[in-house]
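Undergrad: Questions regarding the structure given below will be posed in turn.
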Amino acid sequence: MSWDALTSSVRRLAQSETKHSSKASILGSILVLAVISGVLVAAVLVPSTAIVASTANDLSGDITELPLKLDDSPNPQTTRLYASDGSLIAYFYKENRQDVPLKDINASMRRAIISIEDNRFYEHGALDLKGTLRALVNNASEGQTQGGSSITQQLVKLTLLQQAQTKEQRQAATARSTARKIRELKLAITYEQDHTKDEILERYLNIAYFGDGAYGISAAAYHYFSVSPEKLTTLQSATLAGLVKNPVEFDPRVYPERALQRRNTVIAVQAAQGKMTTAESQKLQAKPLGLKITTFPNGCVTSMASFSCDYVRRYLLADETLGATVAERQSALENGGLTIKSNIDIKMQKALNKAVKGAADPKDKALAAMALVEPGTGKVRGVAQSHPMG
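As structure tokens, this is what we get:
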């Protein structure tokens, strides 16, 4: 079949897509595409010169043998350790994240991410057939690599990558292959059967990586702008939405000019889609990034109560209520989103810090150490030593 005939068939399929296509119709479309060109789905991310021919029977067999359900276990969450007066002592995390419900995410953020990543999100099913086929045609005809993945497909990929435990699993989750794309499509289709669009968007915004150690929209909002996701402005939302595509390339701390250009692209796209006027778009694009960075140090080292913090950490790692093994307890501490209220007294801790520094210079070989234990209760109120932790 000639390329003209192929693209004509592709365009006819795209034009025939109906709103919220059923699972059966989408799978049928995939199989029809497979019949036409072998491995068209793979071409969404791979230039035509890299396409390896496959048969429709092979693809249909792959589809029927793949698992039906995506494991949407809770995302890893940041644990917070507090003193007895409620003041924060430390964070513990593998991924700095605090999930938030969609209602607590500003509408400007929801609008920005949909505009730049999947403008027809609320109109199509798991597969945006028009977007996928458009990317496919452009990839093959222009030698480019365009993405055509819907937000649901992206969510599937991010979830599989997050849950990968081994190097092989991580490679499988990111491989530029037909098998991966077909697997993601099937999982996306079944996921849409069991979840509303709002539920999908909420999980997507909470799992997405926004760069510089910020996982999920809440951590990103606080990190880059020191605000809750509910308080994000249109400009701030556009900046964050622009990071998802490539959080390293558009990192506003490292490449502010790139981040600014990307933010303005998100704003311009919204104007082109009729979500704001041209005048509003131009006014917004003239403004600076306006970053207000907040950091979230991981662990005890930088805490003003570092040794008290480490005492609590060691205590928890020995507590079998958090898990049968040390590894399980460590995972609970770093991924469980725990709220830990300790007996550490901040005023006493400050007094301890001052006392040990006065007793021995931090650079001396001699070490001064003190611990305050409350008589009668045995509560540890503070621990300090003259040598800094780490």
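Residues 2 to 391, numbered by the numbering used here, are exactly what the sequence shown covers, in order. Where is the CB? At the ideal position from N, CA and C, for every residue including glycine. Every value quoted in this text rests on a predicted model; they were computed, and no experiment measured them.
1. So, using beta-carbon positions, are K276 and R112 closer together than 8 Å?
2. In three-state DSSP terms, what is Q237?
3. Kindly provide the ranges of any alpha helix (DSSP H) runs that are 4 or more residues long and lie completely inside the stretch 153-231, ordered along the chain.
4. Taking the beta carbon of R254 as the centre, do at least 16 other beta carbons fall within 10 Å, making it buried, or is it exposed?
5. Starting from the C-beta of E335, find all residues in its chain whose C-beta is less than 8 Å away, skip the five residues before and the five after it, and write them out in chain order.
6. Consider the C-beta atom of L241 and the heavy atoms of the ligand ADP; say whether any pair is separated by less than 7 Å.
7. May I ask which residues mark the beginning and end of the beta strand (DSSP E) holding Y83?
8. Starting from V374, trace the beta strand (DSSP E) both ways and give me its first and last residue.
9. Identify, in the order they occur along the chain, each residue of the same chain with its Cβ nearer than 8 Å to the Cβ of Q99, setting aside the five sequence neighbours on each side.
10. Can you look up K276 in the DSSP assignment and give me helix, strand or coil?
11. Span of the alpha helix (DSSP H) holding Y312?
12. In chain order, what residues of the same chain have a beta carbon less than 7 Å from the beta carbon of V327, not counting five sequence neighbours either side?
13. Run the CB neighbour count on E169, radius 10 Å, all protein chains shown included, and call it buried at 16 or more, exposed below.
14. Between which two residues does the alpha helix (DSSP H) holding R382 run?
15. Alpha carbon to alpha carbon, how far is K351 from M390? Give it in angstroms, no decimals.
16. For the beta strand (DSSP E) that A328 lies in, which residues bound it at each end?
17. Cα separation between L130 and Q154?
18. Does K348 come out as helix, strand or coil in the three-state DSSP assignment?
19. Roughly how many whole angstroms lie between the Cα atoms of A1 and T160?
20. Counting pairs of beta carbons, one from the stretch 119-129 and one from the stretch 193-208, are three or more of them closer than 8 Å?
21. When the distance is taken between beta carbons, is V381 closer than 8 Å to A372?
TA: Looking at the coordinates:
1. Result yes, Cβ atoms of K276 and R112 sit closer than 8 Å.
2. Q237: helix per DSSP, three-state reduction.
3. Within the stretch 153-231, the runs of alpha helix (DSSP H) at least 4 residues long that lie entirely inside it are, in chain order, 168-175, 179-195, 198-208 and 217-226.
4. So R254 ends up on the exposed side.
5. These residues qualify, in order along the chain: P77, T80, F93, Y94 and K95.
6. Ligands in the displayed structure: none, and consequently the ligand ADP is not present.
7. It spans T80 to Y83 - the beta strand (DSSP E) in which Y83 sits, taken as one unbroken run.
8. Its beta strand (DSSP E) spans residues A370 to V374.
9. Cβ-Cβ distances below 8 Å link Q99 to Q78, T79, G217, S219, A220 and G338 in the same chain, with the five nearest sequence neighbours on each side left out; the list follows chain order.
10. Three-state result, K276: coil.
11. Its alpha helix (DSSP H) spans residues S307 to L318.
12. Excluding the 5 residues flanking it on each side, V327 has same chain C-beta neighbours closer than 7 Å at L318, in chain order.
13. Label assigned to E169: exposed.
14. Where R382 is concerned, there is no enclosing alpha helix (DSSP H), although the beta strand (DSSP E) it sits in stretches over V381 to Q386.
15. A straight-line Cα-Cα distance of about 16 Å links M390 and K351.
16. Note, A328: premise wrong, no beta strand (DSSP E); alpha helix (DSSP H) at V327 to N336.
17. Their Cα atoms are separated by approximately 12 Å.
18. Helix at K348.
19. The shown model of the chain, from 2 to 391, leaves out residue 1, and the question about it has no answer.
20. As far as the Cβ criterion goes, the stretch 119-129 touches the stretch 193-208, which means the pair count is three or higher.
21. Against a cut-off of 8 Å, the Cβ pair of V381 and A372 comes out as a contact.
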